[in-house]
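**Student:** Respectively, the protein sequence lines represent chains V and G.
When we follow numbering that gives the first Met the number 0, the leftmost residue of the first sequence carries the number 0, and every step to the right adds one.
When we follow numbering that gives the first Met the number 0, the leftmost residue of the second sequence carries the number 0, and every step to the right adds one.
Even for Gly, the Cβ is constructed at its ideal location relative to N, Cα and C.
Just so you know, these numbers come straight off a predicted model, no measurement behind them.
Below you will find the structure I want to go over with you.
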Amino acid sequence: MSTLDRTWWHKQWRHLRLWRRFFAQAVVRETHFRAHFLTTLLVGLVQLGLGIVPTLLLFGFTAELHGWSRAEVIALVGVFQIVTGLMATFVAPNLNRMTTYLTEGELDGVLLRPVSSQFYLTLRWINVAELTNVASGVAVLVIGLVQADLSPGAGQIVQAVVLVGTGLVLLTAVWSAMSFLAFWLQSVNPIGFVFLNLMEAGRYPLVFFPVAVRTFLTFAFPVAFATTFPVRALAGDLGWGTVGVGVGLAVVAMLLVRLLWRRGLLTYSSASS
Amino acid sequence: MNALVRNLRVVRRMTAADIAQQSVYRGAWIIFMLANICMPIISLLIWRTALASGAQLPVDERYITTYFVLLGVVTMATSSWMAGFLAQDIRLGKLSSWMIRPASLLAGFVANNLSEKFLKLFALVPMIGIVWWIFRDSMNIPAGPGRWALFAISILLGAMLVFTIDILIASLAFWMDDVSALVQARVIIASVLSGSVVPLALMPEWSRGFVDHQPFRYTVSFPVEIVAGQLTGPELLAGLGFQLGYVVVFAAITRLVWSAGIRAYSAVGA
């Protein structure tokens, strides 16, 4: 541990303060690019609208599918929009740069800084405009919940929020792990596409998939924790057990990614030397 | 005629060179194609679930399965991604260096399109083969080579149509500073209207007249429909006629806009 911090807690606190600065800077930066803000908003709304098309068509042919009504699936699309919006805001701008960091040797500059390099690489850049998609996601979620006649209590809302949080951590861990393969593969830009395309499975409830795929989407590519489980929690048919499993998995995933990062760093031999 | 032959020769040589160059990134192509088949597989699983639990769809399980298994191949084979690059060449004046060469300005883009598709095909065919094998019991396989030949022709026409539309959007860069929003709009709108998100056969009744006749249907959905099989003989002929018609119409419009743009073009130093 560096001499900068007296204890482990001081170190976390310092990183948190740093992240607040990153966010403040990103907000200031965004005010310089108002057209970018507007196009992100418009594109996000169009994508949200078209993304709901398959769901609406599906429920034009059936009133209910595996216990899910149309309104509940719309609520799920809202949660999906919130999660993808948060990923696009806080994670995507960083992991999309992974190849550049390694092939251009920018990682050298990061390693010299008195911060955790993994923290810096995963959370340095923030795309504030994408938060508009989180807002529209909340709107869709509320519409879905009202249509489904659901009024979740405080406990259920806490469950849902914790589950979305664990889902975000798990998905970030998976994407990070995929990106850190850059240490061995050099170029990982296409891997980002695979991740984003697999994410699309989160638009639908887990039970819409065959059993084998459900296992994959719960434990290997844990998008279920980010969308299906939160909505089920809001509907009130999920115990604290699932929440516990989610938190446990998130901790394990973070430790594994940390380990992978350490291993990867050992193989890094700078781009210039 | 002489010019055409020369251009074709140039395209062939440039394609071969591009293939040699791009095959360095063969690992990346495999991963790209993996991403490409994710969405069709997700949609396939969802719609099969809907059918299995009694949803009344206007098409059967065989149609849905064949449709989504073949979808990945067709979207790849008819895709075009040049608009952004061509627009950039126009804006930054890089087009000038192409204008003094003894071949069409577009030869480079055609070669890039063909070479990448050639390599993607190698990555994609085994993956589609595996998915096909998994769902082999509910695949529609047309008897005889006739339908497959029409499928190939229709893919070719679809690819020409998408490529032409792409040039049309890029040529607006002769007058506009930034066409990236237009490019994005084309991608988003086409993804729904071409049938690459949901089969057009599942679109609601009131939209039929529009959905069946708009140009994007002929970029992806129509070729797949030929094999997935619901089209009668006359419908097939009419569809091919429409497809050819759209290629000709868009080619004419694009040619007009492009040549007007070339006249308006003034790069730094030109």
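Below 7 Å on C-beta distance, what does Ile190/V contact in chain G?
**Tutor:** By Cβ distance, chain G contributes Ile30.
**Student:** In the DSSP assignment, find the unbroken alpha helix (DSSP H) run with Ser150/V in it and report its ends.
**Tutor:** Where Ser150/V is concerned, there is no enclosing alpha helix (DSSP H), given that its DSSP letter is neither H nor E.
**Student:** Are there 16 or more other CB atoms within 10 angstroms of the CB of Val10/G, so buried, or fewer, so exposed?
**Tutor:** The residue is buried, with at least 16 neighbouring Cβ atoms inside 10 Å.
**Student:** Using 8 Å for Cβ pairs, my map puts Gly71/G next to Leu123/G. What's the rounded Cβ distance?
**Tutor:** Sure, about 6 Å apart at Cβ, within 8 Å.
**Student:** Below 9 Å on C-beta distance, what does Met126/G contact in chain V?
**Tutor:** Per Cβ cutoff of 9 Å: no residues; Met126/G is ~12 Å from chain V at best.
**Student:** Helix, strand or coil: which one does DSSP assign to Met0/V?
**Tutor:** Here the model assigns Met0/V a pLDDT of 47, short of 50, so the residue's position is not dependable, and the following value carries that caveat. Coil at Met0/V, not helix or strand.
**Student:** Per DSSP, which one or two residues make a beta bridge with Ser68/V?
**Tutor:** Bridge partners of Ser68/V: Glu63/V.
**Student:** So, with DSSP's three-state summary, where would you put Lys93/G?
**Tutor:** Reduced to three states, the DSSP call for Lys93/G is coil.
**Student:** Quick one, are the C-beta atoms of Ala232/V and Gln155/V less than 7 Å apart?
**Tutor:** Yes, these two residues count as a Cβ contact at 7 Å.
**Student:** Are the beta-carbon atoms of Leu40/V and Thr131/V separated by less than 7 Å?
**Tutor:** For Leu40/V and Thr131/V, yes; Cβs fall inside 7 Å.
**Student:** When we look at the beta-carbon of Ala269/G and count the other beta-carbons within 10 Å, is it buried (16 or more) or exposed?
**Tutor:** Interpretation of Ala269/G is limited by its pLDDT of 48, a score under 50 that renders its predicted location unreliable; the figure taken from the coordinates is listed afterwards. Label assigned to Ala269/G: exposed.
**Student:** Looking at chain V, is there any beta carbon in it that lies within less than 7 Å of the beta carbon of Leu55/G?
**Tutor:** Here the sequence assigns Gln to residue 55/G, which means Leu is not the residue at that position. Closer than 7 Å to some Cβ of chain V, the Cβ of Gln55/G qualifies, so yes.
**Student:** In this structure, how does DSSP classify Gln20/G when only helix, strand and coil are distinguished?
**Tutor:** DSSP places Gln20/G in helix when its eight states are reduced to three.
**Student:** On a Cα-Cα basis, can you pick out the residue from Ser178/V, Ala70/V and Phe215/V that is closest to Thr102/V?
**Tutor:** Comparing Cα positions, the closest option is Ser178/V.
**Student:** What alpha helix (DSSP H) runs, 4 residues minimum, are completely inside the region 20-96 of chain V?
**Tutor:** Here the runs fully enclosed are 33-60, 69-89 and 91-94.
**Student:** Helix or strand or just coil, what does DSSP make of Trp124/V?
**Tutor:** Trp124/V: coil per DSSP, three-state reduction.
**Student:** Report yes if the CB atom of Tyr264/G is closer than 7 Å to the CB atom of Tyr245/G, and no otherwise.
**Tutor:** No, they are not a contact pair.
**Student:** Which residues in chain V have a C-beta closer than 8 Å to the C-beta of Ile273/G? List them in chain order.
**Tutor:** In this structure chain G extends from 0 to 269, so residue 273/G is not present and cannot be described.
**Student:** With 8 Å as the limit, tell me which residues of the region 29-42 of chain V have their beta carbon closer than that to any beta carbon of chain G; keep them in chain order.
**Tutor:** Cβ contacts with chain G: Thr38 and Val42.
**Student:** Cβ atoms of Ser137/G and Thr64/G: under 7 Å apart, would you say?
**Tutor:** A contact, by the Cβ cut-off of 7 Å.
**Student:** In three-state terms, what does DSSP make of Ala269/G?
**Tutor:** Caution applies to Ala269/G, whose pLDDT of 48 falls short of 50 and renders its modelled position unreliable; the model cannot decide the point.
**Student:** Spatial neighbours of Pro222/G within its chain, please: C-beta separation below 7 Å, excluding the five flanking residues on both sides.
**Tutor:** Correct list, in chain order: Val73, Phe150, Ser153, Ile154 and Gly157.
**Student:** Interface residues of chain G around Ala200/V at Cβ under 7 Å?
**Tutor:** Result: Ile41.
**Student:** Have a look at Ala106/G and Val4/G and give me their C-alpha separation to the nearest angstrom.
**Tutor:** About 12 Å.
**Student:** For the putative contact between Ala200/V and Ile41/G, defined by C-beta atoms under 8 Å, what is the C-beta separation to the nearest angstrom?
**Tutor:** Ala200/V to Ile41/G, Cβ: 5 Å. Contact.
**Student:** Residues in its own chain within less than 6 Å of Trp257/G by CB, not counting five upstream and five downstream?
**Tutor:** Cβ neighbours of Trp257/G beyond the five flanking positions: Ser170.
**Student:** With the cut-off set at 7 Å, would you say Thr241/V and Phe228/V are in Cβ contact?
**Tutor:** Yes. Within cutoff.
**Student:** Could you name the residues of the same chain whose beta carbon sits closer than 6 Å to that of Val90/V, not counting the 5 residues immediately before and after it, in chain order?
**Tutor:** Contacts found: Thr171.
**Student:** Within the continuous alpha helix (DSSP H) that includes Ser42/G, where are the two ends?
**Tutor:** Its alpha helix (DSSP H) spans residues Arg25 to Ala51.
**Student:** Which runs of the alpha helix (DSSP H) at least 4 residues long sit entirely within the region 128-205 of chain G? Give them in chain order.
**Tutor:** Listed in chain order, they are 144-170 and 179-192.
**Student:** Quick one: measure Cβ to Cβ for Gly136/V and Val72/V, integer angstroms, because I've assumed they're closer than 8 Å.
**Tutor:** No, Gly136/V and Val72/V are not in contact; Cβ-Cβ is about 14 Å, not under 8 Å.
**Student:** What does the Cβ neighbour count give for Thr217/V, buried or exposed, with the cut at 16 atoms within 10 Å?
**Tutor:** Thr217/V is buried by the Cβ-count criterion.
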